[in-house]
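S.K.: Below: one structure in structure tokens.
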Amino acid sequence: KAGVTQTPRYLIKTRGQQVTLSCSPISGHRSVSWYQQTPGQGLQFLFEYFSETQRNKGNFPGRFSGRQFSNSRSEMNVSTLELGDSALYLCASSLALGVGQETQYFGPGTRLLVL
Amino acid sequence: GENVEQHPSTLSVQEGDSAVIKCTYSDSASNYFPWYKQELGKGPQLIIDIRSNVGEKKDQRIAVTLNKTAKHFSLHITETQPEDSAVYFCAASYPNTGKLIFGQGTTLQVKP
Chain A
10 KAGVTQTPRY LIKTRGQQVT LSCSPISGHR SVSWYQQTPG QGLQFLFEYF
60 SETQRNKGNF PGRFSGRQFS NSRSEMNVST LELGDSALYL CASSLALGVG
110 QETQYFGPGT RLLVL
Chain B
108 GENVEQHPST LSVQEGDSAV IKCTYSDSAS NYFPWYKQEL GKGPQLIIDI
158 RSNVGEKKDQ RIAVTLNKTA KHFSLHITET QPEDSAVYFC AASYPNTGKL
208 IFGQGTTLQV KP
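Chain order of the listed sequences is A and B. Numbering follows the working numbering, in which position 38 of the first sequence is assigned residue number 47; successive positions increment by one, without gaps. Numbering follows the working numbering, in which position 85 of the second sequence is assigned residue number 192; successive positions increment by one, without gaps.
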């Protein structure tokens, strides 16, 4: 089975722009979660989607949003980029029970640099 | 609040020695505790996990122990090898908010 895939792998943007990242979960997985990883804050939960609905949300501003499609693929969007948004954005998928209830499988991440 | 403390932040051992990483959590409702290994340029990979109804779990050279009373859990790696060098993260579930909270990570270096 193919693992979690994320595109693009690397991205450079300037302040004020917006960005969309994509995640394809493992086949058969219906829960997709997003995390932000930075050296200072570590791994922080952004949100989780299941059946095209946001099921849980972390403590991030409204500039961070996401969605899930009927095939379980997910996108996250960050609007009005700030320098502090530079990070590795990780996507994780699991079967159905979601975050904290079953094994999550992570993708390789998208490295975002905001200049 | 939702918090997972992980120690040490860096750990250097000789090949063949054992390595121990410890984590504490704050919510007594936490019931799922995974450990992830992250190598450079890759996403975290699950290496072992434990649920709150189990005190210890082993998988070859890796073991995890859980003390619910003290709210701490530990990762034990025996007979370390250079390929064990990576960043290790512990995590604890917070069922009331549906989150998985991660520790800050431990950089393990195994010297040949």
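Ideal Cβ placement from N, Cα and C applies to all residues, glycine included.
Rounded C-beta distance between Arg131(A) and Gly205(B)? I'm assuming under 8 Å.
M.R.: Any answer about residue 131(A) is impossible in this case: the structure gives chain A only from 10 up to 124.
S.K.: Below 7 Å between beta carbons is the criterion; list the residues of the region 169-200 of chain B that meet it against any residue of chain A, in chain order.
M.R.: Here the close residues are Phe196 and Ser200.
S.K.: Are Leu124(A) and Ala96(A) close, meaning C-beta to C-beta below 8 Å?
M.R.: For the purposes of this step, residue 124(A) is taken as the residue at position 115 of the first sequence. For the purposes of this step, residue 96(A) is taken as the residue at position 87 of the first sequence. No, these two residues do not count as a Cβ contact at 8 Å.
S.K.: Go to Arg120(A), then tell me how far its beta strand (DSSP E) extends in each direction, as first and last residue.
M.R.: Within the first sequence, numbered from 1, the residue matching residue 120(A) stands at position 111. First-last of the beta strand (DSSP E) with Arg120(A): Thr119 to Val123.
S.K.: Under 7 Å between beta-carbons, which chain B residues line up against Phe54(A)? List them in chain order, please.
M.R.: In the first sequence, residue 54(A) corresponds to position 45, counting from 1. Those within 7 Å of Phe54(A) in chain B are Lys206 and Leu207.
S.K.: To the nearest angstrom, how far is the alpha carbon of Phe78(A) from that of Ser40(A)?
M.R.: Here residue 78(A) refers to the residue found at position 69 of the first sequence. Here residue 40(A) refers to the residue found at position 31 of the first sequence. Taking the straight line joining both Cα atoms gives about 11 Å.
S.K.: Are the C-beta atoms of Glu133(A) and some chain B residue less than 8 Å apart?
M.R.: Only positions 10 to 124 of chain A appear in the structure, and residue 133(A) is not among them; the question remains open.
S.K.: Is there a Cβ of chain A sitting closer than 8 Å to that of Pro202(B), yes or no?
M.R.: Your numbering for residue 202(B) matches position 95 in the second sequence. Yes - at least one Cβ of chain A is within 8 Å of the one on Pro202(B).
S.K.: Does the beta carbon of Gln216(B) sit closer than 8 Å to a beta carbon anywhere in chain A?
M.R.: Taking the second sequence and counting its residues from 1, the one referred to as residue 216(B) is at position 109. Output row for Gln216(B): interface = no.
S.K.: With burial defined as no fewer than 16 other Cβ atoms inside 10 Å of the residue's Cβ, what is the status of Thr112(A): buried or exposed?
M.R.: Here residue 112(A) is taken as the residue at index 103 of the first sequence, counted from 1. With fewer than 16 other Cβ atoms within 10 Å, it is exposed.
S.K.: Taking 8 Å as the CB-CB limit, is Asp156(B) close to chain A?
M.R.: Locating residue 156(B) in the second sequence gives position 49, counting from the first residue. At least one chain A Cβ lies under 8 Å of Asp156(B).
S.K.: Three-state secondary structure (DSSP) at Gly125(A)?
M.R.: It is not possible to answer for residue 125(A), since the shown part of chain A is limited to 10 through 124.
S.K.: Given that a residue counts as buried once 16 or more other Cβ atoms are within 10 Å of its Cβ, and exposed if not, what is Gly93(A)?
M.R.: For the purposes of this step, residue 93(A) is taken as the residue at position 84 of the first sequence. When all chains shown are included, Gly93(A) counts as exposed.
S.K.: Measuring alpha carbon to alpha carbon, tell me which of Lys66(A), Glu91(A), Gln46(A) and Asn86(A) ends up nearest Val194(B).
M.R.: For the purposes of this step, residue 194(B) is taken as the residue at position 87 of the second sequence. Answer by Cα proximity: Gln46(A).
S.K.: From the DSSP output, in three-state form, read off Asp134(B) for me.
M.R.: Your numbering for residue 134(B) matches position 27 in the second sequence. In the structure shown, Asp134(B) sits in coil (DSSP, three-state: anything other than H, G, I, E or B).
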